[in-house]
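K.L.:
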Amino acid sequence: MPVPGAMAVGSGPDAGRNQTQGGPDARHGTAGTNGKATVSSASQVAERDVPFQLRGNSFTMMVLKVFAPTSPNFFTQLNVKVRQAPNFFHNAPVVLDFDDLPESIVFDLGAFVAQVQALNLLPVGFQGGPQAVREAAMNVGLTPMPSGRAAKLEEVVKAPDPRQPDQQAPVAAPQVLIEVVHRPTVVVTEPVRSGMRVYAEKTDLIVTSSVSPGAELLADGNIHVYGALRGRALAGFSGDTNARIFCHSLEAEVLSVAGNYRISEDIGSDFYKKAVQVFLRDGVLSMDLLKTG
Numbered sequence: 001m002p003v004p005g006a007m008a009v010g011s012g013p014d015a016g017r018n019q020t021q022g023g024p025d026a027r028h029g030t031a032g033t034n035g036k037a038t039v040s041s042a043s044q045v046a047e048r049d050v051p052f053q054l055r056g057n058s059f060t061m062m063v064l065k066v067f068a069p070t071s072p073n074f075f076t077q078l079n080v081k082v083r084q085a086p087n088f089f090h091n092a093p094v095v096l097d098f099d100d101l102p103e104s105i106v107f108d109l110g111a112f113v114a115q116v117q118a119l120n121l122l123p124v125g126f127q128g129g130p131q132a133v134r135e136a137a138m139n140v141g142l143t144p145m146p147s148g149r150a151a152k153l154e155e156v157v158k159a160p161d162p163r164q165p166d167q168q169a170p171v172a173a174p175q176v177l178i179e180v181v182h183r184p185t186v187v188v189t190e191p192v193r194s195g196m197r198v199y200a201e202k203t204d205l206i207v208t209s210s211v212s213p214g215a216e217l218l219a220d221g222n223i224h225v226y227g228a229l230r231g232r233a234l235a236g237f238s239g240d241t242n243a244r245i246f247c248h249s250l251e252a253e254v255l256s257v258a259g260n261y262r263i264s265e266d267i268g269s270d271f272y273k274k275a276v277q278v279f280l281r282d283g284v285l286s287m288d289l290l291k292t293g
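Going by UniProt numbering, the first residue of the sequence shown is number 1, and it counts up by one from there.
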């Protein structure tokens with residue numbers, strides 16, 4: 001799909017400037033009855049001669065937040081998580097988040113990445129971390145990614161300068177320091193077909209039709225499907241443990257709320273093809289039938 005603003009290299013108003021207008025050596029023309037060449041359009045030249053195109057795109061990837069990389073239970077627990085939905089995690093690209101590691105941490109990052117890969121996950125980048133960890137990550141071929149961390153409160157609100165004398169200045173009205181950005185709910189009115197992915201970033205997702213096998217729904221908030229849910233549904237994608245999934249007919253391949261997964265084989269006949277809500281209860285992915293009557 002073309003991206004607005006993207007332009008093939010070599011296209012534009014000067015693309016045809018060097019074309020020969022006539023004669024036996026005309027490169028991009030066809031001789032007519034009057035002996036003149038018909039010059040091809042710039043778009044035709046670009047399509048024939050330009051071997052690539054640069055354009056913007058965006059991808060949704062999972063983030064593996066690393067708290068204790070040297071823990072003896074790290075990969076045992078990660079393996080348990082991967083086995084909850086092996087097909088979903090197979091060859092899934094992930095970003096390693098080192099933001100919470102202390103400066104004093106010492107570990108073999110190359111061996112760490114190799115063990116992540118052994119679980120059929122594909123580390124492609126990293127976020128944050130101490131300087132030594134960042135350098136080691138780049139040395140093993142990981143790409144630095146923006147962390148997207150929110151500014152700390154002390155970085156937003158400056159304390160008064162103690163060197164300034166205490167003056168009885170008029171009290172100013174309090175300022176709003178944080179702007180709350182409301183993102184409207186993403187509503188999809190057409191069927192979500194196999195191979196399609198819909199991501200509702202920082203909001204809820206509503207699908208008024210059905211979701212085919214092989215399709216994928218992701219939302220940082222709740223997911224509502226007013227039809228058959230046959231693909232994958234991942235609510236609370238950024239970690240919201242209060243997110244839920246609601247559907248009129250549960251036939252999903254994979255369900256997830258805040259990184260807690262359940263595959264189709266574990267849904268059970270009591271909920272299959274029923275109106276269901278999916279949520280976390282005491283940290284465990286749970287399901288209840290919806291009361292539709």
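Ideal Cβ placement from N, Cα and C applies to all residues, glycine included. Just so it is clear, the structure is predicted and the values come from calculations on it, not from any experiment.
Starting from the C-beta of His-224, find all residues in its chain whose C-beta is less than 6 angstroms away, skip the five residues before and the five after it, and write them out in chain order.
P.N.:
So the qualifying residues of the chain are Ile-206 and Phe-246.
K.L.:
Around the C-beta of Phe-89, are 16 or more other C-beta atoms found within 10 angstroms, so that it is buried, or is it exposed?
P.N.:
buried
K.L.:
Are three or more beta carbon pairs between the stretch 86 to 102 and the stretch 112 to 130 nearer than 8 angstroms?
P.N.:
yes
K.L.:
Quick one: is Tyr-272 buried, meaning 16 or more other Cβ sit within 10 Å of its Cβ, or exposed?
P.N.:
exposed
K.L.:
If you run the structure through DSSP and keep just helix, strand and coil, what is Ala-111?
P.N.:
helix
K.L.:
Could you tell me the distance, in whole angstroms, from the CA atom of Asp-288 to the CA atom of Pro-144?
P.N.:
41 angstroms
K.L.:
In the structure shown, what three-state DSSP assignment does Leu-285 receive?
P.N.:
Note: Leu-285 maps to strand in three-state DSSP.
K.L.:
Going by DSSP, which residues form a beta bridge with Arg-262?
P.N.:
Leu-255
K.L.:
Rounded to a whole number of angstroms, what is the C-alpha to C-alpha distance between Thr-70 and Val-106?
P.N.:
Computed Cα separation, rounded: 9 angstroms.
K.L.:
What residue range is occupied by the uninterrupted alpha helix (DSSP H) comprising Lys-81?
P.N.:
74 to 84
K.L.:
Once you ignore the five residues that flank Tyr-261 on each side, which residues in its own chain have a CB closer than 8 angstroms to its CB?
P.N.:
Lys-81, Gln-84, Ala-85, Phe-88, Val-254, Leu-255 and Leu-285
K.L.:
For the alpha helix (DSSP H) that Val-133 lies in, which residues bound it at each end?
P.N.:
131 to 139
K.L.:
Does Asp-49 come out as helix, strand or coil in the three-state DSSP assignment?
P.N.:
helix
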